[in-house]
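Quick note on numbering: our numbering labels position 260 of the sequence shown as 273, and the sequence is numbered without any gaps. C-beta: ideal position from N, C-alpha, C; glycine also.
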Amino acid sequence: MIAITGANGNLGKATLSFLMKKTLPENIVAIVRDAGKLSEYAGTGIHIRTADYEDQESLEKALAGVHRLLQISASATGVRAMAQETRVVHAAVKCGVEEVAYTSTLFPHESAHFHAAHICRNTEALIRQSGMRYVFFRNSMYHETIPLFIGEAMGDGRIAYPSGSGRVSFASRKDIAEALSNVLTGPAFGNATYDITGAETFSFADIALTLKDLAGYQEAAHMDISPEDYRKGLLGYGLGEEEAGFYASMADSIRAGEFEKTHHSLEGFLGRKPLGVQEYLRELF
């Protein structure tokens, strides 16, 4: 059987949808904390199992009989996320899972600015040492995060974001989900690592110009505010210190060029050109 952790999240649900087109529903295990979050899949034949990342025993029960696992990186931050991902790996090993696909991030290096990169680096190391065969998808940032980054700029094109001239090889979450479903139903994993990116890179100044062209925003521009002002703004919106630090570290990472790498792996998994940033933004307008 093929299992997906975090199956009720955006990437998990999208992957689940593609998987159901590629294999019998009884071959699929969707792991969620609250089964009600997948109520639309009740009666489809897939196995919906509940587990809590904080509860090792529940993870072991959920992974019973699973041969191949998609471990989607935790949505938590900091040491909590690291502990959660560690529990998943340990539970998978204990249950005899043979293969794991893990959604990592670009540049999971010890010098990375992005906080999540250090969690991903730790989880990658655990999986390598586990004896399970693996595939790592080191994902760039999703197209779908652009509206979140630029906030009110979706209405006027004025982007206040401390990314400097840093560029990002954005990729479509839906495309990544389709690629993951192809891997999960494909040949045996070969202990491989893939950089999953778009074909081009874009700065936030480029995105502002695209908004100007698509929506006619005459004042569209990228305003490279200070990291401290950005962090203060996040706190002002009600985010906690750790969460604000997480998002600020993402901007720092972009500024440092840690998301500018491009690779053709995604196109290879899809068998077609991935969706581009301009196409994605055009769909929004």
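Environment of residue i [buried if 16+ CB atoms lie within 10 Å]
i, result
"H80", "exposed"
"V92", "exposed"
"A138", "exposed"
"A104", "buried"
"F298", "exposed"
"G109", "exposed"
"L72", "buried"
Residue i and residue j closer than 9 Å at C-beta
i, j, result
"Y115", "L83", "yes"
"D188", "L119", "no"
"G246", "A173", "yes"
"D205", "V148", "Asp is not the amino acid found at residue 205; the sequence shown has Ala there. Result yes, Cβ atoms of A205 and V148 sit closer than 9 Å."
"S117", "F150", "yes"
"T63", "A48", "yes"
"A212", "S182", "yes"
"E98", "R146", "no"
"R244", "A261", "yes"
"I159", "L51", "no"
"E273", "T214", "yes"
"H126", "E271", "yes"
"T223", "L279", "no"
"R171", "Y207", "no"
"E296", "T90", "no"
"S86", "I132", "yes"
"R268", "P175", "yes"
"M263", "M154", "yes"
C-alpha gap between residue i and residue j, whole angstroms
i, j, result
"R285", "I59", "29 Å"
"L197", "I15", "7 Å"
"H122", "A130", "7 Å"
"A221", "H235", "6 Å"
"A75", "A43", "9 Å"
"G179", "D265", "9 Å"
"A96", "S88", "12 Å"
"L252", "K26", "26 Å"
"E241", "L248", "11 Å"
"K107", "G177", "45 Å"
"V101", "D169", "43 Å"
"E39", "G22", "21 Å"
"D65", "G164", "32 Å"
Residue i Cβ short of 8 Å to the ligand FAD heavy atom set
i, result
"V45", "This structure simply doesn't include the ligand FAD, nor any ligand for that matter."
Taking contact to mean 3 or more Cβ pairs, one atom from each stretch, closer than 8 Å, check whether the stretch 186-195 and the stretch 28-39 are in contact. They touch, by the three-pair rule.
What are the start and end residues of each continuous beta strand (DSSP E) run of 3 or more residues lying completely inside the stretch 70-158, in chain order? With a minimum length of 3 residues, the continuous beta strand (DSSP E) runs that stay inside the stretch 70-158 are 81-85, 112-118 and 146-152.
At what residue ranges does the stretch 175-231 contain a whole run of the alpha helix (DSSP H), taking only runs of 4 or more? 186-197 and 217-228, all fully within the stretch 175-231.
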